[in-house]
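Here the sequence shown stands for residues 4 to 237, numbered as in the numbering used here.
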Amino acid sequence: MERRSKTGTSLLNRSTQKAIHRKLMGWFATSRRNYPWRTTQNWFHLIMAELMLRRTRSDQVASVYESFTKKYRNASQANLDPDGVQEELRSLGLNWRNEQILQTIQFLSHTFGSRRRLQATVDLTETPGIGDYCNAMVRSKLFQDTLPAIDSNIARIYCRLTDVKFHPEMRRKAWLRQLAADFMQTATASSSNNDPFEINLALLDLAALVCKPSAPRCIECPIQKHCKTGQKKL
4 MERRSKTGTS LLNRSTQKAI HRKLMGWFAT SRRNYPWRTT QNWFHLIMAE LMLRRTRSDQ
64 VASVYESFTK KYRNASQANL DPDGVQEELR SLGLNWRNEQ ILQTIQFLSH TFGSRRRLQA
124 TVDLTETPGI GDYCNAMVRS KLFQDTLPAI DSNIARIYCR LTDVKFHPEM RRKAWLRQLA
184 ADFMQTATAS SSNNDPFEIN LALLDLAALV CKPSAPRCIE CPIQKHCKTG QKKL
């Protein structure tokens with residue numbers, strides 16, 4: 004059977020998923036990265052952070068995010084000052100991304116105005132510039148939705164766990180998305196460390212700090228024992 008046709012539990016059984024979750028969250032408790040957007044309850048700021056982080060390092064985004072959020076509390080304020088928004092974003096580069104952020108702000112302003120809270124029924128993927136990854140991060144934070152955030156970095160973890168050759172587009176593969184969904188369901192069903200946003204963050208930090216694109220630090224990895232790629236280095 005081709006790997007892509009398998010279910011998540013056939014690639015990583017339930018007991019293995021539980022062990023990975025337990026060790027991952029234990030590691031995350033002492034190794035997590037701290038950024039201001041991770042603690043905000045402002046939905047507009049959270050969306051802006053996720054868009055700023057697209058193809059840009061978190062450390063580079065941090066100072067821009069702080070300046071931006073002090074200046075604009077909501078989408079309506081930002082929409083009234085497109086030149087100011089462009090100036091705030093200039094140091095991040097990627098002009099195409101910054102233009103897209105302006106389109107997102109305009110849509111959010113027209114749709115939600117200065118609303119302080121979003122309804123749980125809102126479909127953020129209808130917003131220009133917001134795809135499945137951003138939607139999962141925002142909804143797992145605001146509504147505790149059990150949505151796995153899957154970017155190329157998190158896809159790399161799942162590929163290494165299952166010993167599948169990685170390329171960035173693997174994040175779109177049905178088998179990987181099913182595996183990520185199964186793992187999220189297993190993790191959030193746990194009696195502890197079951198916040199979906201925290202689980203998404205833990206995977207992001209593992210990818211950034213340990214399961215790096217090149218020269219992964221397998222010896223330091225909390226889930227090496229359960230990783231088919233990591234086991235080769237034991």
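Glycine included, each C-beta is placed from N, C-alpha and C at the ideal position.
- Scanning the stretch 33 to 108 from its first residue to its last, the whole alpha helix (DSSP H) runs of 4-plus residues come out as 46 to 55, 61 to 74, 78 to 82, 85 to 92.
- Burial is judged here by how many other beta carbons sit within 10 angstroms of a residue's own beta carbon; Trp99 has fewer than 16 and is exposed.
- In this structure, the alpha-carbon of Ser18 lies about 45 Å from that of Leu105.
- Gln63 is the residue among Gln63, Gln109, Ala192 whose C-alpha sits nearest the C-alpha of Ser94.
- The straight-line gap separating the alpha-carbon atoms of Tyr136 and Asp86 is approximately 28 Å.
- With contacts defined by Cβ atoms closer than 8 Å, Val125 and Glu53 do not form a contacting pair.
- Listed in chain order, the alpha helix (DSSP H) elements of length 4 or more contained wholly in the stretch 180 to 217 are 199 to 212.
- Distances from the CA of Ser70 to each of Thr59, His48, Arg57 were compared; the closest alpha carbon is that of His48.
- Sequence-distant Cβ neighbours of Leu111 in its own chain, meaning closer than 6 Å and more than five residues away, are Ala78.
- A distance below 7 Å between beta-carbons, with the five flanking residues on each side excluded, links Asp148 to the following residues of its chain, in chain order: Arg142, Pro199.
- Exclusion of the five residues before and after Ala211 leaves Arg36, Ser61, Asn156 as the residues of its chain whose Cβ lies within less than 8 Å of its Cβ.
- Around the beta carbon of Asn16, fewer than 16 other beta carbons sit within 10 angstroms, so the residue counts as exposed.
- Distance from the Cα of Lys215 is smallest, within the candidate group Glu201, Lys228, Gln89, Thr232, for Thr232.
- The Cβ atoms of Ile108 and Asn82 lie closer than 8 Å to each other.
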